[in-house]
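Reviewing the structure listed below.
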Amino acid sequence: MENFDYDLLVIGGGSGGVRAARIAAGHGARVAICEEYRYGGTCVIRGCVPKKLFVYAAHFHEEFDDAAAYGWDSTVNSFDWSTLIANKDKEIDRLNGIYEKLLLNAGVKVFHQRAELIDAHTAQVGDQRLSAQTILIATGGTPFVPDIVGSEHAITSNEAFHLPAFPARTLVVGGGYIAVEFAGIFNGLGSDTILTYRGPQILRGFDNDIRDHLAGEIVKKGIDLRLNSTVEQIQIKDDGTHNVTLTDGSSVDVDCVMYATGRTPNSANLGLEKAGVALGPRGEVLVNEDSRTNIENIYAVGDVTDRIALTPVATMEGHAFADSVFGDRPWLADHTNVPSAVFSQPPVATVGYGEEQAREKFASVQTFSSEFRTLKHTLTENTERSFMKLIVDQDSDRVIGAHMAGADAAEIMQGIAIAIKAGASKAQFDATVGIHPSSAEEFCTMRVPD
Ligand code: NDP
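Numbering follows my numbering, in which position 48 of the sequence shown is assigned residue number 1000; successive positions increment by one, without gaps.
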């Protein structure tokens, strides 16, 4: 048998790669990991975590207004972007350190360099060559910006976390998770915000009622939502203003254009062709259900595989890989009923089928929904309304989808996701006593079908 430097070489120090490296090392494997930027990956360094911190920052604005109705003198005069950035950076530095420490404590050899494969068992890492029995590709994804005139003047979420000055006017392009979240952040922090999306409604793929409800709410909060329209070109005026021509013929002047038009798998220049690894049309590393590529000893997890681009899914895939290959405990990552949230304002959270998908798949579908003003806002002038919806397969009485737009949607949906994963029936939802007064209790009290 050949002698390799390591049992496992992981390329990419994000959620999937770090989890796999730690777990494999825990099973006794000799593991090395390479990361060219900072440990923690997109989620920790320039994704979920700093984004959620920005969402908190943006939401205070509304909280101050709401507080006044409860008797507080909550007059606020200013917002300091540089304080937010500095505090956010401090937290990201802390998390970056924790990720590295977790790896070191697990006995993983940590490299701060890019790795490129030379063949199926060897990688060039700086001026060293490392060989490994098994290789895991966990290199994530990167923002995609379509090629239009002036696109070089646009930023993506990567840059949004480090803007030197907070823009007074912002145009966000796209209608997915990142576009909707960042439109809410810019708007909440006080930028005049336009969100432009090429289709008829934001959040394609989500339940249609949720999409409509959220669109109505974000418009009420001040976002200028332009549907069926996208950017034709961006020109920079002498004073630095971005003049943007939209495909609907209109033109707007803003200080910042942010593209959130999807992400592309990071599979280029990794030597994957030298190792013979097959890629799909979007550059995604093709894998089977146990995350193995067409090359027997090479696996891939996370966004680079373009399955479900969510951190907890990448960690699940990395964990399943490490247990299966190094722990003699084989299990498959389960990509069904994966809950997710859009941290818009208000947030949206979802698990299972939307109504439209359910009607395609099940013979008899019933829906239950509720739209209401939360107790908190009965005292405030805030016109925000929450919306909840359950999708039920009538033949089995199983709840096959749950959706919410409203405060704390992500926190509420996590528990509902457990019930749905466990196969709960509508009768069991109905038999569950609600927690009163809460919004969550609505999920147990929707008795009359739509
Ligand atoms: P999404 O795939 O969610 O959305 C991309 C958006 O850009 C869609 O509205 C799409 O339109 C639009 N678009 C694509 N190409 C073009 C184009 N050429 N011109 C104009 N519009 C275009 O990607 P995101 O970048 O928002 O996020 C990437 C992934 O990251 C998400 O899918 C999600 O898995 C993950 N993520 C999760 C978060 C969370 O859990 N809270 C937060 C952020 C990201 P169309 O719908 O018409 O194709």
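Built from N, CA and C at the ideal position, the CB exists for glycine as well.
Asked: Same chain, Cβ closer than 6 Å to residue 1184, five either side skipped, listed in chain order; Found: 1197 and 1199
Asked: Three-way DSSP call (helix, strand, coil) for residue 1268 in this model; Found: helix
Asked: Same chain, Cβ closer than 7 Å to residue 1012, five either side skipped, listed in chain order; Found: none
Asked: Check: residue 1294 C-beta below 7 Å from any heavy atom of the ligand NDP; Found: yes
Asked: Beta-carbon contacts of residue 948 that lie in its chain and below 8 Å, excluding the five residues immediately before and after; Found: The structure shown does not extend to residue 948, since the chain is modelled only from 953 to 1402, so the question has no answer here.
Asked: Cβ shell of residue 1247 (< 7 Å), same chain only, five flanking positions each side left out; Found: 1072, 1227, 1228 and 1229
Asked: Top-ranked residue by Cα proximity to residue 982, from 958, 993 and 962; Found: 958
Asked: Length-filtered (4 minimum) alpha helix (DSSP H) runs lying within the stretch 1273-1330; Found: 1307-1313
Asked: Local Cβ density within 10 Å of residue 1187, reported as buried at 16 or more and exposed below that; Found: exposed
Asked: Buried or exposed by the 16-neighbour rule on C-beta atoms within 10 Å, applied to residue 1232; Found: exposed
Asked: Sequence-distant residues of its chain with Cβ nearer than 8 Å to residue 1004 (five each side left out); Found: 1295
Asked: First through last residue of the alpha helix (DSSP H) which encompasses residue 977; Found: 967-978
Asked: Residue 984 to residue 1108 span [Cα, whole Å]; Found: 31 Å
Asked: Close beta carbons around residue 1061, own chain, < 6 Å, minus the five adjacent residues each side; Found: 984
Asked: Cut-off 7 Å between Cβ atoms - residues of its own chain near residue 1310, not counting five sequence neighbours on either side; Found: 1317, 1343, 1352 and 1353
Asked: Distance, residue 1105 Cα to residue 1329 Cα; Found: 41 Å
Asked: Start-to-end residues for the alpha helix (DSSP H) that takes in residue 1077; Found: Unbroken run through residue 1077 is the beta strand (DSSP E), 1074-1077; no alpha helix (DSSP H).
Asked: Where the alpha helix (DSSP H) containing residue 1109 begins and where it ends; Found: 1109-1112
Asked: heavy atom of the ligand SAH below 7 Å from residue 1213 C-beta; Found: With respect to small molecules bound, the structure shown includes the ligand NDP and not the ligand SAH.
Asked: heavy atom of the ligand NDP below 7 Å from residue 1070 C-beta; Found: no
Asked: In DSSP terms, what residue 1210 is bridged to; Found: 1107 and 1124
Asked: Residue 1178 beta carbon near the ligand NDP (any heavy atom closer than 7 Å); Found: no
Asked: Chain-order list of residues whose beta-carbon lies under 7 Å from that of residue 1097 (same chain, five-residue window excluded); Found: 1103, 1106, 1108, 1211 and 1213
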